[in-house]
Amino acid sequence: MGEDSHAAQAALGALAAAPQDGGARAFSEPWEAQAFALTLALHRRGVFTWAEWSATLGAEIKRAQALGDPDTGTTYYQHWLAAIEHIVEQKGITNELTLGRYREAWHRAADRTPHGEAIVLSSADLSQ
Amino acid sequence: MSDHEDGSHLTEMELRVRALETVLAEKGYIDPAVLDLIVEHFETKVGPHIGARVVAQAWVDTAFRQALLADATAAIAASGNFPPVGDHLIAVENTPDQHNMVVCTLCSCYPWDVLGLPPVWYKSAPYRSRVVMDPRGVLREFGVALPEGARLRVWDSTAETRYLVLPRRPAGTEGWTVDQLAALVTRDSMIGTGLALTPEGDPQ
C-alpha cells in the first residue's frame, strides 16, 4: 500500500489543484483524437460491442499498471490505442505482422517528406 | 529521431495510429473522412455545456426533471432541445440527504454525449480507486465539504450505463432563465466532484 498510496496522493493532489484541467481541450495530441474516433467508427460498424471494448481497454490498463505505469490519466490514450490493436487482431481483421509493415511504411513516408509538408503513404513505401 | 535531418518525423504513437487507420480503411472498415467528422464533432460541438443545459432545464421544468430521472436518454431525446444521447444515460439527483459521485473503475467510461471527453484526473488510477475507498476524502481534495449527515453514493459506470449527476440548484437563483442557470453548472458538478456555482459565479 505504501508506495501506491504515496503516488495516489501525489496524483490526486495535482488533480485537486487544477480541477478545471482539460476543460477546454478534449485531446492533448491529434493522434489521441484519431484513436478515439477509430473506436467510435469501429463500434458503429458493429466490429465490437461497448462491453467488449471496455473489457479490452480495462485489461490494457491493468497490464500497463502491472508493467509499472503509474496510470495518472496522461497515458490513457496509449492504453486506448493498444486496446484497438488488440481487439482488431482478436476479431481477425488484421494482425501484428501487417500493422508492423504499415508502421514501417509510414516511417519511410515520413523520412522522405520534407519537414512541414503533409505525409502521404505511397505504394512504394509499402513495397520496400 | 528521423533518419534524415530535413525529413519529417512521426512518433511511435502516430505511426501506430496511422498504420491502424490505413489498414482498416483499405479493408473497408472505416472511412477516413468520417473519422475527421467524429474528431471535429468532439472537439468543437460536444462538451459539458450540453449537460449544463440539461441540468438547468431540469431545475426550471419539473416535468422534464421527473422524466430525466426516470429515463435520461429518453427524456433528452423527447425534449428536442438537446442532441440525442446514444448511451444508456442515468441521471442521479443530489438532495440535501445524498450526494452522488461518478467513476468508472474499469476503464473510464464517461457520458461523452453530454459532457464531452473526460478530464485527465477522471482517467487516473488514483481517482478510479480512491473514490470507491474514500469518496469523502476525494471530495475534500476537490474542495467540497459535505454536511455530516449527508450520504455519499458512488456510481460505477459500465460500458452500457453512464451516469450524469444532477447537482442541487444554488440558492438565490429564483426566476433565472435556463441560459443563466446553465452558466453555473460546472463539468465537475455533473461528475459529482464539485457543486454548482453560486449566483455570483463562485464555488459553493
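Chains as they are written, first to last, in the numbering used here: chain C, 1 to 128; chain S, 1001 to 1204.
Where is the CB? At the ideal position from N, CA and C, for every residue including glycine.
(message) Less than 7 Å between the C-beta atoms of R1153 of chain S and N1100 of chain S, yes or no?
(response) It is a contact, given that the beta carbons lie within the stated cut-off.
(message) Tell me which residues share the same chain as T1158 of chain S and place their Cβ nearer than 8 Å to its Cβ, disregarding the 5 neighbours each side in the sequence.
(response) Cβ neighbours of T1158 of chain S beyond the five flanking positions: C1104, L1106 and C1109.
(message) Using the three-state DSSP reduction, which class does V1185 of chain S fall into: helix, strand or coil?
(response) If DSSP states are grouped into helix, strand and coil, V1185 of chain S belongs with coil.
(message) Does chain C have any CB closer than 7 Å to the CB of L1117 of chain S?
(response) When Cβ-Cβ separations below 7 Å define contact, L1117 of chain S makes contact with chain C.
(request) Please compile the residues from chain S whose C-beta is within a distance smaller than 7 Å of the C-beta of R103 of chain C. (result) Against chain S, the beta carbon of R103 of chain C has neighbours under 7 Å at L1015, R1016 and A1019, listed in chain order.
(message) Residues of chain C with CB closer than 8 Å to the CB of F1082 of chain S, please, in chain order.
(response) Neighbourhood of F1082 of chain S in chain C, by CB distance below 8 Å: empty, with the nearest CB roughly 19 Å away.
(request) Please report the Cβ distance between V47 of chain C and Y1029 of chain S, rounded to the nearest whole angstrom; I am assuming they are in contact, meaning their Cβ atoms lie under 8 Å. (result) In this structure V47 of chain C is in contact with Y1029 of chain S, their Cβ atoms being roughly 7 Å apart against a cut-off of 8 Å.
(request) Pick helix, strand or coil for Q65 of chain C, following the three-state DSSP scheme. (result) In the structure shown, the three-state DSSP call for Q65 of chain C is helix.
(request) For the alpha helix (DSSP H) containing W1112 of chain S, list its first residue and its last residue. (result) It spans W1112 to L1115 - the alpha helix (DSSP H) in which W1112 of chain S sits, taken as one unbroken run.
(request) Could you tell me the distance, in whole angstroms, from the CA atom of P1119 of chain S to the CA atom of T72 of chain C? (result) P1119 of chain S and T72 of chain C have their C-alpha atoms some 11 Å from each other.
(message) In whole angstroms, give me the CA-to-CA distance for L1035 of chain S and A37 of chain C.
(response) About 5 Å.
(request) Say whether chain C places a C-beta atom closer than 7 Å to the C-beta of T1022 of chain S. (result) Taking Cβ atoms only, chain C reaches closer than 7 Å to T1022 of chain S, which makes this a yes.
(message) Counting only C-beta atoms, is V1039 of chain S closer than 7 Å to chain C at any point?
(response) Taking Cβ atoms only, chain C reaches closer than 7 Å to V1039 of chain S, which makes this a yes.
(request) Note down, in chain order, all residues in the segment 1097 to 1111 of chain S with a beta-carbon under 7 Å from any beta-carbon belonging to chain C. (result) With the criterion set as a beta carbon lying under 7 Å from some beta carbon of chain C, the members of the segment 1097 to 1111 of chain S are L1106, C1107, S1108 and C1109, in sequence order.
(request) Using three-state DSSP, classify V1092 of chain S as helix, strand or coil. (result) Strand at V1092 of chain S.
(request) Taking the CB atoms as reference points, tell me whether Y77 of chain C and A35 of chain C lie closer together than 7 Å. (result) Yes, the pair counts as a contact, with Cβ atoms nearer than the cut-off.
(message) So for V1055 of chain S, helix, strand or coil by DSSP?
(response) Helix at V1055 of chain S.
(message) Among C:S28, C:E32, C:A26 and C:A41, whose alpha-carbon lies nearest the alpha-carbon of V88 of chain C?
(response) Taking only the C-alpha atoms, the option nearest V88 of chain C is C:A41.
(request) Hey, could you find the ends of the alpha helix (DSSP H) S1022 of chain S is sitting in? (result) This sequence places Thr at residue 1022 of chain S; Ser is not what is there. E1012 to E1026 is the span of the alpha helix (DSSP H), which, as asked, contains T1022 of chain S.
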